[in-house]
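Novice:
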Amino acid sequence: AQSVSQHNHHVILSEAASLELGCNYSYGGTVNLFWYVQYPGQHLQLLLKYFSGDPLVKGIKGFEAEFIKSKFSFNLRKPSVQWSDTAEYFCAVNAKNRDDKIIFGKGTRLHILP
Amino acid sequence: GAVVSQHPSRVICKSGTSVKIECRSLDFQATTMFWYRQFPKKSLMLMATSNEGSKATYEQGVEKDKFLINHASLTLSTLTVTSAHPEDSSFYICSATRTSSLNEQFFGPGTRLTVL
Numbered sequence: 011a012q013s014v015s016q017h018n019h020h021v022i023l024s025e026a027a028s029l030e031l032g033c034n035y036s037y038g039g040t041v042n043l044f045w046y047v048q049y050p051g052q053h054l055q056l057l058l059k060y061f062s063g064d065p066l067v068k069g070i071k072g073f074e075a076e077f078i079k080s081k082f083s084f085n086l087r088k089p090s091v092q093w094s095d096t097a098e099y100f101c102a103v104n105a106k107n108r109d110d111k112i113i114f115g116k117g118t119r120l121h122i123l124p
Numbered sequence: 024g025a026v027v028s029q030h031p032s033r034v035i036c037k038s039g040t041s042v043k044i045e046c047r048s049l050d051f052q053a054t055t056m057f058w059y060r061q062f063p064k065k066s067l068m069l070m071a072t073s074n075e076g077s078k079a080t081y082e083q084g085v086e087k088d089k090f091l092i093n094h095a096s097l098t099l100s101t102l103t104v105t106s107a108h109p110e111d112s113s114f115y116i117c118s119a120t121r122t123s124s125l126n127e128q129f130f131g132p133g134t135r136l137t138v139l
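Those protein sequences? They're chains A and B, same order as listed. Sequential numbering from 11 applies to the first sequence in this note's numbering. Sequential numbering from 24 applies to the second sequence in this note's numbering.
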């Protein structure tokens, strides 16, 4: 069965700090990987996704993530965070070519201090 | 494009009553719709997957007689929480995939259910 681990439950950073949120998954086959963001009071939005090709994926708002197959990881990064990045971030995995189900991690609550 | 709406956004009901939540894809036809439950400070838990015109597939541990899912058309799925109890209070979120972008889910804004 697939599972997703997000190691940081709550992260607090100052503006302009660099961000890296960890995500590891367990599944032996080929996967599609996602990061979703949920801003306060809003619904989930796709931040970026990896299906195939270049393992370094760039998403919206300056976020990027790197798929490292050997480490089963898909960490999210941003070189300089802003107060508006305060949100909850979810890593998710889908077993490619099996079904449409996406398994979510427990989320990381990011709080940016102004 | 790819907007998903949910109605109502918030509902409060008495214990023992049933509540229906609608999920609509506004500008695309949804191949598949999903229903999630989100507990406070926890992740989304997939409850069931539904395809238009067929029975929903429920995840292990989810009571199908309690959480009735109807996917009547390519743009509408409903979740009915039957005989609701306080422990059913939660945030229910639906999502949908479209034929042109399988594996990418578009999420609704969620429905906050409070059972008194």
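Ideal Cβ placement from N, Cα and C applies to all residues, glycine included.
Can the beta-carbon of glutamine 126 of chain A be found closer than 7 angstroms to that of alanine 97 of chain A?
Specialist: Since the displayed chain A opens at 11 and closes at 124, residue 126 of chain A lies outside it and no answer follows.
Novice: Evaluate contact between the segment 65-72 of chain B and the segment 115-123 of chain A, counting only Cβ atoms and requiring at least three cross-stretch pairs below 8 angstroms.
Specialist: Flag = yes, the segment 65-72 of chain B and the segment 115-123 of chain A touch.
Novice: Residues of chain A with CB closer than 8 angstroms to the CB of leucine 97 of chain B, please, in chain order.
Specialist: Those do not exist, as leucine 97 of chain B stays about 15 angstroms from chain A at its closest Cβ, beyond 8 angstroms.
Novice: Strictly under 7 angstroms for the Cβ-Cβ distance: is glycine 84 of chain B near chain A by that measure?
Specialist: Chain A contact via Cβ: absent.
Novice: Name the residue from B:Gln29, B:Phe129 and B:Ile44 whose alpha carbon lies nearest to the alpha carbon of valine 104 of chain B.
Specialist: When only C-alpha atoms are compared, the closest one is B:Ile44.
Novice: Any idea if histidine 94 of chain B is buried or exposed, counting beta-carbon neighbours within 10 angstroms, 16 or more meaning buried?
Specialist: Its Cβ being crowded by 16 or more others within 10 Å, histidine 94 of chain B is buried.
Novice: Counting C-beta neighbours from all protein chains within 10 Å, is the total for arginine 33 of chain B 16 or more, i.e. buried, or is it exposed?
Specialist: It counts as exposed.
Novice: Using the beta-carbon count (16 or more within 10 Å), is glycine 76 of chain B buried or exposed?
Specialist: Exposed, because fewer than 16 other Cβ atoms sit within 10 Å of the Cβ of glycine 76 of chain B.
Novice: With distances taken between CB atoms, is the gap from valine 103 of chain A to tyrosine 60 of chain A smaller than 7 angstroms?
Specialist: In this structure, tyrosine 60 of chain A does not lie closer than 7 angstroms to valine 103 of chain A by Cβ.
Novice: From the DSSP output, in three-state form, read off serine 38 of chain B for me.
Specialist: The answer is coil: DSSP assigns serine 38 of chain B none of H, G, I, E or B.
Novice: Would you give the residue range spanned by the beta strand (DSSP E) that leucine 91 of chain B belongs to?
Specialist: First-last of the beta strand (DSSP E) with leucine 91 of chain B: 90-96.
Novice: Give a yes or no on whether the minimum CB-CB distance between serine 66 of chain B and chain A is below 7 angstroms.
Specialist: Yes, because at least one Cβ of chain A sits closer than 7 angstroms to the Cβ of serine 66 of chain B.
Novice: Valine 11 of chain B: which of B:Leu97, B:Glu82, B:Asp111 and B:Arg60 sits nearest, CA to CA?
Specialist: The requested residue 11 of chain B does not occur in the structure, where chain B is confined to residues 24 to 139.
Novice: Measure the alpha-carbon distance for glutamine 29 of chain B versus tyrosine 81 of chain B and round it to whole angstroms.
Specialist: C-alpha separation (whole angstroms): 20 angstroms.
Novice: For valine 26 of chain B versus leucine 49 of chain B, is the C-beta spacing smaller than 7 angstroms?
Specialist: Yes.
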